[in-house]
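First to last, the protein sequences are chains A and B. For what it's worth, this note's numbering labels the leading residue of the first sequence as 12, then goes sequentially. For what it's worth, this note's numbering labels the leading residue of the second sequence as 297, then goes sequentially. Everything on this sheet refers to the single structure shown next.
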Amino acid sequence: MATNASALTLVGQRRKRVSIGRVLAWAGLLLAIVVVLVPFYWVVRTALATKVELYANPSQITPPGFTFSNFARVLGQVSAADAIAAGGSGQALHFWLYLRNSVIVTALTVVGQLFFSALAAYAFARLNFPLRDKVFFLYIIALMIPGIVTLIPNYILIRSLGWLDTFQGIVAPAFLMSPFAVFFLRQFFLGINREVEEAAKLDGASLFGIFWRLVIPISGPPLATLGILTWIGTWNDYLWPLLIGKDESVRVLTVALGVFRSQTPQGAPDWGGLMAGAVLSILPSIALFLILGRKAINSIQFSGYK
Amino acid sequence: MSNSANALPIQRTQRPAWLKGWLAGETWLAWLFILPSLIGFTAFYAVPAVRGVFISFTNWDLLSTPKVVGIANYQKLLRDPQFWQALRVTLYYVLLNIPLQTALAVGLAVLMDRLTQSIVVRGVLVLPWLIPNVVVALLWLWMLDPQLGVVNQILGVFGISRQPFLGSVSQAMPSVAWINIWRHAGYTALLIFAGLQTIPKDVYEAAAIDGATERRMFWSITIPLLRPVLVFVLVTTVIGSFQIFDTIAITTKGGPVNATRVIFWYIYEFAFSRFQMGYAMAAAVILFLILITITLVQMRYLRSGESDLA
C-alpha cells in the first residue's frame, strides 16, 4: 500500500514537472519563431515608410507615413528628381532588369547542372568503362576543395576567355557539373532496380533512350531536391557574379543591392529604398518556397546526407 | 565486301588486352555521357586548383606576364602583421559563430523533435537561410543602426544606452557573428532534426523506464547517436565560417580599423583591388591548408564514421 501511494505521488510529480517543461519548451520555440519573423516584418514596415516620418519616428510599430513610393522608386517608376527628393540617390534600382538577369543565371545553372550531372552520374552508376572509379574519385576530391582555391584562377580563366560581363561567364563554372550533384545522383541511381532497364535494353532501346525515358522520369524526388538546393545557392550567390557581372546588362539582384547600398547617401541612408529593394528581391524565393511547401523543406533537410 | 568483313575479327584479336576495354560497345557511349561533366571538372576544378598553386609562386598583376618568384610570396605573407591579424580576426569570428550557432541548432532541433512535426514551424525556422546573405546583411545593418535601429530602440525600453554595434571595434565582429547565426541556426537545426528522426523512439522509452532524466537522456542517448550528423554539420559550418565574405562586404568592409578584416576579405582586396594575384593566391593556399588540417582533426577527434547505435 505504502509503495503504491509513493509510486502514485511520484507519477503525479513527474507529470507536473513534464508539463512545466513542455510549457518552457514551447516558450523557447516560440521565442525562436519571433526572433526569425520580427526582422521580416521590420523590413516591410520600413519599406512602406516615408523618409521624413521614418527618421522622426524610429520606433513606431506601424509604417510611419504609410506609402508605396519606395517601391515605385526602386522599380524606376519615379523621375530622378522626385527620387532624390524622397531621399534616394537618384539611381533607380532597375529591378525588372536585375530580376530577369537573376532568373536567367539561376535557370541556366539549374537546368545545365542537373542534366549534365545526371548524365555523368548515370554512367558512373551503371556503365563499365576504364578509369571509371579513378575519375569518380577525382570528383569526390573536388567536392572537398573550398571555393577560395578555385576563385582566383576561375576569374582569370573567364577574363582571358573575354567572358567578363556575359551570362556565359557567370554561369560557366556551375553549368556542366557540380561534384555534389554527380555524387548525390549516383547514389540514387545505384539504388534503382536494374530489371526494367535490362528489359528495355533487350527490347533494343538505346542507352540515352533508357536514361531519358526511363531513369529520369522516376528520379523526380532527388532531381527536385538538387534543383531546389542549386536554385537557392545560385540565386543567393554574391561574390562570383560581383566579380564577373559588374555591368548593368548582366547584373543580378544580389550584386545590384550591393551597388544600391554603396550609392545610398552617406549620413542619411535611404533605408526605405534599400528595404523596398530587399523585399522585392526575396519575394521570388519566398513564393517558390510557399508553392513547393513540404517538398522544399524535406529537400533542404535532405541536404545533410551528402 | 566479304574480304573486309572477314578481316575485322582478325584485327580485333590482334589488339592488346588493355585496348579491348576502351573499344567495347559501351565504353565510348559512357565517355560521351561523362564528357560534359569532365569538361566542367577539368576547366573549373582540376586545372584551376593546380594553376592556383602555380600562380602563388609568381608575381602577377594580370597585365604583364607572370614572373616566377619561388616562395617569396609565402615568406612575405608570414612576415605581414596584417595577414596574421586577418587570421586572428577570422578565428575570432569562427569562435563567436560556431559554438553558439551549433548549440542553438541542437536546442531547436530537440525542441522540434519533442514538440511538433509541424512543417510550418520548420518552414519558418529555415526562412532566413532562403534569403541571400546580401539581403540578410542589409536587414541587420538597418536593425542595428546606431541612430535609428530598432534593436537600440528596444534596448532603450529597458534603459540600456545606445550601442554602436557594427560601428565599433569591439562590437563589430560579434554583430557580424550574430547576423550569420540568425541566418544559419534554423537551417542547421533542420539538418540535425533530420538526424534526430533516425534515432529509434524505443531507446528513449527504455531509458525512461529505467528512470533516466531528460538531461541524462540528452547527453547519453541523443548526442552519441547524433554524432555522424553533428560531425557533418560541424565540418561544413566551420569550413563555411572560415570563408565569411558576403556579410562583411555589405556591412563593414573590413572596418572599423580592421576589426572585421577577415582572411577572405584580405585575399579579395589583394586580388581584385591591388591585382597582386600571386600574393592573394598564396594567402588562399594557406587558408586551404588550414581548412584541410581543421577538417582532418575534426573527423579524427569526433570519430565521424561511427554512430553508437548498435
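Glycine included, every Cβ here is placed at the ideal spot set by N, Cα and C.
Out of Thr-338(B), Val-431(B) and Gly-366(B), which one is the CA nearest neighbour of Ala-578(B)? Gly-366(B)
Would you decide whether Phe-300(A) is buried or exposed? Buried here means 16 or more other CB atoms lie within 10 Å of its CB. buried
Flag Val-319(A) as yes if its beta-carbon sits less than 8 Å from any beta-carbon of chain B, otherwise no. Nothing can be reported for residue 319(A): it is not among the residues displayed for chain A, which extend from 12 to 317.
Listing by chain order, which chain A residues have their CB less than 7 Å from the CB of Arg-347(B)? Pro-164
Quick one, which of Leu-598(B), Ala-508(B) and Ala-545(B) has its alpha-carbon nearest Leu-521(B)'s? Leu-598(B)
Is the CB of Ala-401(B) under 8 Å away from at least one CB in chain A? no
With DSSP collapsed to three states, give me the class of Lys-306(A). helix
Give the straight-line distance between the Cα atoms of Leu-400(B) and Ala-481(B), rounded to the nearest whole angstrom. Using only the alpha carbons, I get a separation of about 6 Å.
Using only alpha-carbon positions, find the residue among Leu-592(B), Gln-594(B), Gln-572(B) and Ile-559(B) that is nearest to Pro-377(B). Ile-559(B)
Does the CB of Asn-393(B) have a neighbour CB from chain A at under 8 Å? no
With C-beta atoms as the reference, is Thr-548(B) less than 8 Å away from Ala-490(B)? For the pair Thr-548(B) and Ala-490(B), the CB atoms are not nearer than the 8 Å cut-off.
Alpha carbon of Leu-234(A) to alpha carbon of Ala-185(A), nearest angstrom: Cα to Cα, Leu-234(A) sits roughly 16 Å from Ala-185(A).
For Asn-112(A) versus Val-261(A), is the C-beta spacing smaller than 8 Å? Note that the C-beta distance between Asn-112(A) and Val-261(A) is below 8 Å.
According to the Cβ coordinates, are Asp-258(A) and Asp-176(A) closer than 8 Å? yes
Hey, does Ile-115(A) have any beta-carbon neighbour from chain B nearer than 8 Å? no
Chain-ordered neighbours of Arg-410(B) on chain A, where CB pairs are closer than 7 Å: Ala-36
Output, in sequence order along the chain, the residues in the stretch 268 to 285 of chain A whose CB is closer than 7 Å to any CB in chain C. No chain C appears in this structure, whose protein chains are A and B.
On the three-state DSSP scale, how would you describe Val-364(B)? Taken through DSSP and simplified to helix, strand or coil, Val-364(B) comes out as strand.
Within chain A, partners of Thr-548(B) - CB distance below 7 Å: In chain order: nothing, as chain A lies at least about 12 Å away.
Bridge partner(s) assigned by DSSP for Thr-354(B): Val-364(B)
Decide yes or no for the touch test of the stretch 559 to 572 of chain B against the stretch 499 to 511 of chain B: beta carbon pairs closer than 8 Å, at least 3 of them. no
DSSP state of Ala-279(A), grouped into three classes? coil
Output, in chain order, the set of chain B residues within a Cβ distance shorter than 8 Å of Gln-179(A). Identification of chain B residues near Gln-179(A) by a Cβ-Cβ cut-off of 8 Å yields none; the smallest Cβ-Cβ distance measures about 12 Å.
Trp-107(A) lies in the alpha helix (DSSP H); which residues open and close that run? 106 to 137
Is the CB of Ala-503(B) under 8 Å away from at least one CB in chain A? no
Give the single residue among Val-406(B), Val-431(B) and Glu-322(B) whose Cα lies nearest to the Cα of Leu-526(B). Val-406(B)
Whole angstroms are fine: how far does the CA of Gly-536(B) sit from the CA of Ala-342(B)? When rounded, the distance between both Cα atoms is 21 Å.
Chain A partners of Asn-369(B), CB-CB under 8 Å? Asn-369(B) does not reach chain A, its nearest Cβ partner there being about 13 Å away, counting only Cβ pairs nearer than 8 Å.
Less than 8 Å between CB atoms is the rule here; does Ala-210(A) satisfy it with respect to chain B? no
Round the Cβ separation of Phe-329(B) and Leu-130(A) to the nearest angstrom and send it over; I've been treating them as touching at under 8 Å. 5 Å
Any chain B beta carbon closer than 8 Å to Val-47(A): With 8 Å as the cut-off, Val-47(A) counts as an interface residue toward chain B.
Given Val-290(A) as reference, the closest of Trp-53(A), Leu-41(A) and Leu-187(A) once Cα atoms are compared: Trp-53(A)
Are the C-beta of Arg-523(B) and some C-beta of chain A separated by less than 8 Å? Not closer than 8 Å to any Cβ of chain A, the Cβ of Arg-523(B) fails to qualify, so no.
Between Ala-545(B), Phe-337(B) and Trp-324(B), which lies nearest to Val-193(A) when the distance is taken from Cα to Cα? For the residues Ala-545(B), Phe-337(B) and Trp-324(B), the minimum Cα distance to Val-193(A) belongs to Phe-337(B).
Can at least three beta-carbon pairs, one atom from the stretch 356 to 374 of chain B and one from the stretch 201 to 221 of chain A, be found at a separation below 8 Å? The answer is no - the stretch 201 to 221 of chain A does not touch the stretch 356 to 374 of chain B, with fewer than three Cβ pairs under 8 Å.
With DSSP collapsed to three states, give me the class of Tyr-249(A). coil
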